[in-house]
Amino acid sequence: MNKKELLKNKATESAKKFNSEVRKATSTAIVAAFSFLIALTWKEVITEYVSKLVTLSQAQGKILSAGIITIICVTGILLTSRLLKVEE
């Protein structure tokens, strides 16, 4: 192979790697957006449920809702991290 062909092959490999990274980043952004939407929806559901279930002050109800949401989210993060773990 001559120098021109080597450069062309290297450029092609770099372009493929770049495209792969762009797809990964785009996929991550889309999943994050959907996750955020889901989290907002569940926040409303949990907040309303807690306020109807418990006769606490508004501040106490919000603290309880935040605690429940935090537990759910941390559990989801841990499960996702284990399931999607990338081995290097």
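Counting from 1 along the sequence shown, just add 10 to a position and that's the residue number in this note's numbering.
Note that beta-carbon positions come from the ideal geometry of N, C-alpha and C, so glycine has one too.
Subject >> Meets three-Cβ-pair contact criterion under 8 angstroms: the region 77-89 and the region 43-59 >> reply: The region 77-89 vs the region 43-59: in contact.
Subject >> Contact under 8 angstroms by Cβ, A39 with C83 >> reply: Here residue 39 refers to the residue found at position 29 when the sequence shown is read from its first residue. Here residue 83 refers to the residue found at position 73 when the sequence shown is read from its first residue. The answer is no: Cβ separation not under 8 angstroms.
Original post:
Quick one: what does DSSP say V55 is sitting in, helix, strand or coil?
Top reply: Taking the sequence shown and counting its residues from 1, the one referred to as residue 55 is at position 45. In the three-state reduction of the DSSP assignment, V55 falls in the helix class, which pools H, G and I.
Subject >> Residue burial classification, S75 (beta-carbon count within 10 angstroms, cutoff 16) >> reply: As a working mapping, residue 75 is identified with position 65 in the sequence shown. Burial is judged here by how many other beta carbons sit within 10 angstroms of a residue's own beta carbon; S75 has at least 16 and is buried.
Subject >> Rounded C-alpha distance that separates I73 from T65 >> reply: The residue you call residue 73 lines up with position 63 of the sequence shown. The residue you call residue 65 lines up with position 55 of the sequence shown. Going from the Cα of I73 to the Cα of T65 covers about 13 angstroms.
Original post:
Where does V64 sit, in a helix, a strand or coil, going by DSSP?
Top reply: To locate residue 64, count along the sequence shown from 1; it is residue 54. Judged by DSSP in its simplified three-state form, V64 adopts coil rather than helix or strand.
**OP:** Measure the C-alpha to C-alpha separation of V63 and T51 and round it to an integer number of angstroms.
**Re:** Walking along the sequence shown from the start, residue 63 turns up at place 53. Walking along the sequence shown from the start, residue 51 turns up at place 41. According to the sequence provided, residue 63 is Leu. The question's Val does not apply to it. Each residue's alpha carbon lies about 18 angstroms from the other.
Subject >> Beta-carbon contacts of K53 that lie in its chain and below 8 angstroms, excluding the five residues immediately before and after >> reply: Sequence index remark: in the sequence shown, residue 53 carries index 43 (1-based). Answer for K53: S75, I79, listed in chain order.
Original post:
According to DSSP, is N19 helix, strand or coil?
Top reply: In the sequence shown, the residue the question calls residue 19 occupies position 9. Note: N19 maps to helix in three-state DSSP.
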